[in-house]
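These notes are about the structure you will find just below.
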Amino acid sequence: MKPGITRRAFGATAGAAVFSAITSRKSASAAVQPQNVVIHPSAEIATVSPMLHSSFAEHLGSCVYGGLWVGKNSSIPNIEGFRTQAVNWLKELGVPVLRWPGGCFADDYHWRDGIGPLEKRPKTVNIHWGNYVEDNSFGTHEFIRLCRLIGSEPYLAANLGSGTPEEMREWMEYCNYPSGSSLSDERAANGSPEPFKVRYWGVGNENWGCGGNMTGDEYATHYKRFHTYARTFGDTRPFTIACGPNRNDVDWTRRFMSVVRPSGAGRGVLPSGYAFHYYQNGRDLPTKFSVEALQEQLALVQRMEETIVVQRGLLDSYLQMQPGPQGQRAGAAPPQRPQVQLICDEWGVWDRMDPAETKKYGALWMQSTMRSAVIAALGLNAFHRHADKLYMCNIAQTVNVLQSVILAHEDKCVRTTSYYAFLLEKPHRGNTAVRVETGSPASPDSISVSASKKDNELVVTFVNPKHDTDLKVTCALPGATPSAAKAQILHHKDHNACNTFEQPNTVVPKDYTVAIEKGRLVLDLPAMAIVTATVRLSA
Ligand code: AHR
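So, in structure tokens, the structure goes:
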């Protein structure tokens with residue numbers, strides 16, 4: 006690449022549109038600040054697991070019933086009872102892992118209520134989310150079918166709070182044992198001869214709260230019993246996920262780990278994963294967010310990032326080096342630390358609810374705005390930068406509830422701003438995250454950048470969470486020479502802007518210009534914007 010040729014599009018979509026500049030995007034009053042960024046393409050962190058972009062669907066409000074599931078006899082277009090539009094959009098976005106059935110609901114759910122002929126399924130009261138009656142028409146088979154339709158791997162949250170180890174173990178056998186046992190034959194009789202091969206199993210949810218109001222050590226004592234009966238059926242070894250803390254509650258983790266840590270060789274009763282929850286609560290209505298409330302919410306993303314570092318370190322402090330399988334003999338395998346993977350299986354924006362919307366659309370129905378999209382991108386950027394510490398993250402939730410990627414009501418359906426934030430971050434999946442510097446000290450509304458690479462391609466996502474300041478970004482790539490870039494932007498100058506059933510395209514991605522000047526990336530990053538650039542590096 007000759008230094009004089011500074012801007013070139015590449016890839017299948019290369020063309021004039023790719024570099025079409027955005028005009029008139031800046032509000033008249035926005036200030037402009039220079040911002041330096043340094044990306045180190047050779048400083049590798051770890052693979053950005055696609056599972057960091059996973060999701061969660063609970064029996065709550067209209068997430069499942071009326072949202073994802075409309076029933077086979079509905080006049081709303083559906084595939085075997087699943088809302089066609091939601092299936093298509095989720096498939097397009099890609100949801101690597103989908104967690105179900107809760108949330109708080111999980112610790113009051115008894116899986117046998119949701120299998121077998123519809124007319125025989127009991128009508129049960131959803132005690133956590135409004136005491137309404139569910140007909141259990143959406144159960145295990147329906148969930149697995151949904152996962153298959155949208156290309157997700159299922160993650161079942163088992164009931165520890167009000168359930169038994171026996172109930173969880175039988176659910177595992179029902180799902181995973183190939184054939185010949187009464188439970189696997191029952192599954193076949195219910196329409197699924199092939200085992201579901203469910204790998205991810207949550208053992209309770211928020212057991213410090215709605216899952217039993219326990220302390221970390223009380224929960225650990227229950228966890229040990231459940232863990233003992235979590236078995237491999239067929240060839241599916243369960244990956245058990247224990248309930249971790251609310252936010253960065255180190256006391257919960259200490260109490261839990263001091264009970265389950267291994268005392269001799271081997272893993273003992275250590276879970277495979279340990280999941281904390283971190284919501285970015287907001288004190289205003291979603292579409293009437295004040296600047297002060299925005300600043301508070303941004304600070305919570307920063308603290309979620311601190312939580313990843315602290316909780317990972319704390320877990321490691323309990324995981325002693327174990328001799329390899331051949332013991333300590335000469336030439337033996339080096340000692341290894343048993344791994345407990347860190348997971349954040351509920352995160353995202355949780356604003357003040359609008360009572361009129363709750364009444365119309367169901368509990369925790371929430372609109373996503375440009376602000377929500379920025380929070381989603383800040384969270385995903387943080388996950389990429391800590392790709393070496395995290396295993397899976399699940400945004401809460403999928404449809405209608407909290408920070409959903411889709412809103413649906415009757416026959417209407419719209420992709421939220423959060424859907425597009427995930428779409429813009431998608432090119433990082435499976436790449437190797439690399440180190441980024443943005444200067445310090447970082448305040449909650451400082452620029453956020455994550456970068457990852459694959460072969461000779463670098464993917465960079467820039468997020469400007471400032472509500473009133475545009476940034477002129479200059480991004481150095483020491484040791485690498487960019488030869489071409491294409492980019493997309495998600496931006497609205499009003500942080501309260503959103504996509505509605507009536508106006509679904511208020512905030513949608515557009516092609517954008519990222520220039521290459523003297524070997525650096527140069528771009529205008531407006532206030533409240535997310536830009537993802539795919540950059541070709543010359544050898
Ligand atoms: O996502 C909504 C609720 O938030 C979940 O049921 C619970 O786990 C958390 O408190």
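Per the working numbering, the sequence shown runs over residues 6 to 544. The C-beta atom is built at its ideal place from N, Cα and C for all residues, glycine as well.
The beta-carbon separation of residue 475 and residue 35, rounded to 5 Å, stays under the 8 Å limit for a contact. Each residue's CA atom was taken as its position, placing residue 90 and residue 415 some 12 Å apart.
With fewer than 16 other CB atoms across the displayed protein chains lying within 10 angstroms of its CB, residue 337 is exposed. In the three-state scheme derived from DSSP, where H, G and I count as helix and E and B as strand, residue 299 is classed as helix. Here residue 110 carries a helix assignment [DSSP, helix/strand/coil].
In this structure residue 354 is not in contact with residue 278, their Cβ atoms being roughly 24 Å apart against a cut-off of 8 Å. The three-state reading of DSSP puts residue 342 in coil, since its state is none of H, G, I, E or B. In terms of CA proximity to residue 66, 139 leads the group 298, 139, 418. Not one heavy atom of the ligand AHR lies closer than 6 Å to the C-beta of residue 147. CA-to-CA, the gap between residue 535 and residue 496 works out to about 6 Å.
For residue 181, the shortest C-beta to heavy atom distance toward the ligand AHR is 6 Å or greater. Counted as a single uninterrupted DSSP element, the beta strand (DSSP E) harbouring residue 491 occupies residues 486-496.
Residue 235 and residue 371 have their alpha carbons spaced roughly 36 Å apart. The beta-carbon separation of residue 274 and residue 383, rounded to 36 Å, does not stay under the 8 Å limit for a contact. Between the ligand AHR and residue 398, a heavy atom-to-CB distance of less than 6 Å is absent. Checking the 6 Å criterion, the Cβ of residue 139 is out of range of every heavy atom belonging to the ligand AHR. Using a cutoff of 6 Å, the CB of residue 107 counts as near the ligand AHR, since one of the ligand's heavy atoms is closer than that. Taking the Cα positions, residue 293 is about 34 Å away from residue 248. The residues 184, in chain order, have a CB closer than 8 Å to that of residue 190 in the same chain once the five nearest residues on each side in sequence are set aside. The beta carbon of residue 60 sits closer than 6 Å to those of 100, 103, 399, 400, 403, all from its chain and outside the five residues before and after it, given in chain order. By the neighbour-count criterion, in which a residue is buried when 16 or more other Cβ atoms sit within 10 angstroms of its Cβ, residue 143 is buried. Within the same chain, 478, 519 come within 6 Å of residue 528 by CB-CB distance, once the 5 residues on both sides are set aside. Per DSSP, reduced to three states, the secondary structure at residue 206 is strand. Where residue 231 is concerned, the enclosing alpha helix (DSSP H) starts and stops at 221-233. Proximity of the region 237-253 to the region 310-329 meets the contact definition, three or more beta-carbon pairs being nearer than 8 Å.
DSSP, read as helix, strand or coil, puts residue 263 in helix.
Shortest gap from the CB of residue 247 to any heavy atom of the ligand AHR: 6 Å or more.
Boundaries for residue 532: no alpha helix (DSSP H) harbours it, and the DSSP string shows neither H nor E there. Leaving aside the five residues that flank residue 510 on each side, the residues in its chain whose CB is nearer than 8 Å to its CB run, in chain order, 504. Not a single heavy atom of the ligand AHR lies less than 6 Å from the C-beta of residue 136. The C-beta of residue 85 has fewer than 16 other C-beta atoms within 10 Å across all chains shown, which makes the residue exposed. The nearest non-hydrogen atom of the ligand AHR is 6 Å or more from the C-beta of residue 223.
Secondary structure at residue 288: coil, using DSSP grouped into helix, strand and coil. In this structure, the CA atom of residue 154 is about 46 Å from the CA atom of residue 37. For residue 475, the enclosing beta strand (DSSP E) stretches over residues 474-481. According to the DSSP assignment, residue 115 belongs to no alpha helix (DSSP H), since it is labelled neither H nor E.
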